[in-house]
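Everything below concerns the one structure shown next.
Protein chains: 2
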Amino acid sequence: MVYEMAHISVQAGKNAEFEAAVAQALPLFHRARGCTAVELQRSVEEPNQYVLVVQWDTLEDHMIHFRESADFQTWRGLVGPYFEKPPVVGHTQVVVK
Amino acid sequence: MVYEMAHISVQAGKNAEFEAAVAQALPLFHRARGCTAVELQRSVEEPNQYVLVVQWDTLEDHMIHFRESADFQTWRGLVGPYFEKPPVVGHTQVVVK
Chain B
903 MVYEMAHISV QAGKNAEFEA AVAQALPLFH RARGCTAVEL QRSVEEPNQY
953 VLVVQWDTLE DHMIHFRESA DFQTWRGLVG PYFEKPPVVG HTQVVVK
Chain C
903 MVYEMAHISV QAGKNAEFEA AVAQALPLFH RARGCTAVEL QRSVEEPNQY
953 VLVVQWDTLE DHMIHFRESA DFQTWRGLVG PYFEKPPVVG HTQVVVK
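Those protein sequences? They're chains B and C, same order as listed.
Each step along the first sequence adds one to the number in the numbering used here, with nothing skipped, and position 44 is 946.
Each step along the second sequence adds one to the number in the numbering used here, with nothing skipped, and position 49 is 951.
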């Protein structure tokens, strides 16, 4: 299992629209191959900063199967208009729990 | 519920020692007031970068009750020697799920 951690900066004043767009887009993740969970987290200290945390079975499920899908284009179409700048995306794996 | 997200850079070659120290320190979190989960994640792209993700009932449970405890000093004593630089710590809350 890998986590996708997408750090997203949202334009000032666009929080409600952005969060609604993510809620609308959830089914795209729920039906994606290898996606087992998704949640949007908002920073307490910097309220225009978000982290989209997505659990994928494998890195390829995210980077190939999802990124190259029509659903990824739909996702970006829904949320992209609210981005302040391109998201910074990385992946992590649990090593101690 | 808030997540503590502590971004930790570990000195080159110290990964195994750092991860062992975190494993050793887990009981400090398990007994902390308001702490409901803790896990250490390691970056896939940058293997010396980690995220310690801790679930707290409230911000105060982390920032006051834990940070001002003797257990926090013990935690820093265990893992601090492996830090490359001071951790960057923030908090998030789930807004869409």
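For glycine and all other residues, C-beta sits at the position ideal for the given N, C-alpha and C.
Just so you know, these numbers come straight off a predicted model, no measurement behind them.
With a cut-off of 7 Å, does the C-beta of residue i fall near any C-beta of chain C?
{"i": "VAL996 of chain B", "result": "yes"}
{"i": "ARG944 of chain B", "result": "yes"}
{"i": "LYS999 of chain B", "result": "yes"}
{"i": "HIS909 of chain B", "result": "no"}
{"i": "VAL953 of chain B", "result": "yes"}
Taking 7 Å as the CB-CB limit, is residue i close to chain B?
{"i": "GLY926 of chain C", "result": "The displayed chain sequence assigns Gln, not Gly, to residue 926 of chain C. No, GLN926 of chain C lies away from the interface with chain B (no Cβ there is under 7 Å from its Cβ)."}
{"i": "VAL956 of chain C", "result": "no"}
{"i": "GLU921 of chain C", "result": "yes"}
What does residue i touch in chain B if you count any residue whose Cβ is under 8 Å from its own?
{"i": "VAL981 of chain C", "result": "Under the 8 Å cutoff, chain B gives no residues; its nearest Cβ is about 11 Å from VAL981 of chain C."}
{"i": "HIS993 of chain C", "result": "SER945, VAL946, GLU947"}
{"i": "LEU961 of chain C", "result": "VAL946"}
Use the C-beta contact count for residue i: other C-beta atoms within 10 angstroms, 16 or more gives buried, fewer gives exposed.
{"i": "ARG978 of chain B", "result": "exposed"}
{"i": "GLN943 of chain C", "result": "buried"}
{"i": "THR994 of chain B", "result": "buried"}
{"i": "VAL990 of chain B", "result": "exposed"}
So residue i and residue j are in contact, right, with Cβ under 8 Å, and what is the actual spacing, rounded?
{"i": "VAL946 of chain B", "j": "VAL904 of chain C", "result": "6 Å"}
{"i": "TYR984 of chain C", "j": "GLU919 of chain C", "result": "6 Å"}
{"i": "ASP973 of chain C", "j": "LEU930 of chain C", "result": "4 Å"}
Which residues in the same chain have their Cβ closer than 6 Å to the Cβ of residue i, if we skip the five residues on either side of it in sequence?
{"i": "ARG935 of chain B", "result": "ASP963, HIS967"}
Which residues of chain B have a Cβ atom closer than 7 Å to the Cβ of residue i, listed in chain order?
{"i": "TYR905 of chain C", "result": "GLN943"}
Below 7 Å CB to CB, which residues in the same chain sit around residue i once its five sequence neighbours on both sides are set aside?
{"i": "GLU941 of chain C", "result": "VAL955"}
{"i": "THR976 of chain B", "result": "LEU930"}
{"i": "THR959 of chain B", "result": "It is worth fixing the name first, because residue 959 of chain B is Asp in this sequence and not Thr. Around ASP959 of chain B: MET903, GLY936, THR938."}
Here's a check: name, in chain order, each residue in its chain whose Cβ is nearer than 8 Å to the Cβ of residue i, leaving out the five neighbours to either side.
{"i": "PRO949 of chain C", "result": "ASN917"}
{"i": "HIS932 of chain C", "result": "VAL940"}
> Which of the residues in the stretch 965-981 of chain B, read from start to end, lie with their CB under 9 Å from any CB of chain A?
Replying inline: Within the model displayed, chain A is absent; protein chains B and C are what it includes.
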